[in-house]
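Step one of this worksheet: look at the structure below.
Residue numbers (the numbering used here): -2 to 482.
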């Protein structure tokens, strides 16, 4: 098989994941009256009224952060604040501003050189999806009966004490599972995928994509999406090893939860909020320590072709996990260290909205709070500025986006790696311990003898002598960088 063809732009991407109902309310977007007030403790069913125009009005904030790509959780019409219960795949939810708001967002983002990826929920629909609703109304006489797998009538679609008598995601009656074997269903979903690519989106994130257990469907999905946009990014949501789908004929990448696990273990030193961790498939995480971290990272890099590793969606948190700083028991230094690693590691970094200002929150719904635009006292500005620096470093250094990766040191509580592209080398060191570390660091063939490596933030220089950098001080709970001039 040919080498995987993955979108070149994704190597330069820094993603920002937005949960639309909670990011920002835009001006002049009509809303129903019964909304929770902005910033209220998030609930499972309540809406706070964020929309796509609110995102447009804050695109320059994202640019200042260093973001150049956005991944949205679902935006199509739905009767749920998270919109994973899709009613109409061909219409942007009116509460988000409708199709016109998406058009305005895409134009404004593209004018700024930013890409936009939408969430495709193609495994299951909702009780409000027209074809399923027709079955609810007409029973065995519905012309759409074979769009789903129904075992008996009448449908147990609402009673919580009775299992649904049709296939549903995780047996939840609100989420009837498509019968993907039906040619009409396949054609409908493929048509939806192409429609929005032609509308101007830059790719799809595929919700629970492994649960559509049909490789030929995904091959056809790729063929049609790539025919509409040869640079479209296709990223699946899979929490485990994903070689099956990443051979170059289905998806480009997956959400890299293995990366998340490894970072949680090392940068928190295993001191995590266990009750929150156990509520997700992140549990269990590896043992702490630099040696184990190096093993995890090297295993991860060996799973996939380099072209795939280069575009993996590397995340520290999402709408499906407690926020990183909460899992780290409030240790902001762990988030800083993990983010610096994220920005210096192969693949596309992804920031979950609000993590950059220190937003906290346990599992759903607490991890989906409203962004505190009008409460700047709630912002951790030091954290924000650090993440801006890390993103700027990635943008300024091609080696961090396309260079080779080499572990230089992994012992105890100190880990060091190098990225090299041509004559450019960037070395990143991480000390997760409580004591400062002084490194005499062999750098092998990463930098030539006699070259002065420079700290990009302090301008302190370290000359390569005897094939090593000597006396490099890395303070406790800190990351440091040296780079060729």
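We treat Cβ as the ideally placed atom computed from N, Cα and C, and that holds for glycine.
A residue is called buried when at least 16 other Cβ atoms come within 10 angstroms of its Cβ; residue 169 does not meet this threshold and is exposed. Residue 219: member of the alpha helix (DSSP H) spanning 212 to 225, first to last residue. Taking C-beta separations shorter than 6 angstroms and ignoring five residues to either side along the sequence, the partners of residue 450 in its chain run 459, 479, following chain order. For residue 257, the enclosing alpha helix (DSSP H) starts and ends at 254 to 264.
With at least 16 other beta carbons inside 10 angstroms of its own, residue 474 counts as buried. Between residue 439 and residue 470, the alpha-carbon positions lie close to 15 angstroms from each other.
Per DSSP, the unbroken beta strand (DSSP E) holding residue 311 starts and ends at 310 to 312. For residue 427, same chain residues with a beta-carbon under 6 angstroms away, outside a window of 5 residues either side, are 334, 412, 476 in chain order. By the CB criterion at 8 angstroms, residue 172 and residue 130 fall outside the cutoff. Contact between the region 235 to 248 and the region 89 to 104 is absent, with fewer than three C-beta pairs closer than 8 angstroms.
Cα atoms of residue 264 and residue 408: separation of roughly 14 angstroms, rounded to the nearest angstrom. Comparing alpha carbon positions, the residue from 340, 281, 331, 30 closest to residue 310 is 340. Between the beta-carbon of residue 189 and that of residue 87 there is about 7 angstroms, and that keeps the pair under the 8 angstroms contact cut. Within the region 18 to 106, the runs of alpha helix (DSSP H) that reach at least 4 residues and sit entirely inside it are, in chain order, 49 to 53, 56 to 62. Nearest neighbour of residue 355 by Cα position, chosen from 374, 380, 271, turns out to be 380. Remark: C-beta atoms of residue 214 and residue 174 do not approach each other more closely than 8 angstroms. In the three-state reduction of the DSSP assignment, residue 382 falls in the helix class, which pools H, G and I. Scanning its chain for C-beta atoms nearer than 7 angstroms, with the 5 sequence neighbours on each side dropped, one finds around residue 432 the residues 473, in chain order. DSSP, reduced to helix, strand and coil, places residue 476 within a strand of the structure shown.
In this structure, the CA atom of residue 141 is about 13 angstroms from the CA atom of residue 183. Rounded to the nearest whole angstrom, the CA to CA distance from residue 3 to residue 230 is 7 angstroms.
Residue 47 is not a Cβ neighbour of residue 33, given a cutoff of 8 angstroms.
Here DSSP, grouped into helix, strand and coil, assigns residue 437 to strand.
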